[in-house]
Amino acid sequence: MFLSAPYEWEYLRAKWMEAYTKNRFAEENLTLRRSEYELELAFDLGYAMAEKSEAERQLMEARYKLIIFWAKLFNLAGKSPFTILEYN
1 MFLSAPYEWE
11 YLRAKWMEAY
21 TKNRFAEENL
31 TLRRSEYELE
41 LAFDLGYAMA
51 EKSEAERQLM
61 EARYKLIIFW
71 AKLFNLAGKS
81 PFTILEYN
């Protein structure tokens, strides 16, 4: 055993260095993956918020056009176009 001690020491040291390197790589990889995931989530959230804003804009535009349409009809019928605002 005494004669093989330096070889055993080098073997164990190499195994420790390998495990240490794998651990550092795994930690950096995890950090990178987490950053990519958070960035992807941010883009997905931003896209969803943009879609929601666009849907709300279209809803408001459609409502506005309906109110204008009804106001024109009321005006055509000889009634005040502002009467439509009382119904909304």
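Under UniProt numbering, think of the first position of the sequence shown as 1, with each following residue one higher. Even glycine gets a Cβ: it sits at the ideal position worked out from N, Cα and C.
Between which two residues does the alpha helix (DSSP H) harbouring residue i extend?
| i | result |
| --- | --- |
| F82 | F82 -> no alpha helix (DSSP H), and no H or E assigned at all. |
What did DSSP end up calling residue i once you bin it into helix, strand or coil?
| i | result |
| --- | --- |
| S53 | helix |
| L30 | helix |
| N35 | Checking the sequence, you will find Ser at residue 35 rather than Asn. Three-state DSSP puts S35 in a helix. |
| L3 | coil |
Taking its Cβ as the centre, do 16 or more other Cβ atoms sit within 10 Å of residue i, making it buried, or is it exposed?
| i | result |
| --- | --- |
| I68 | exposed |
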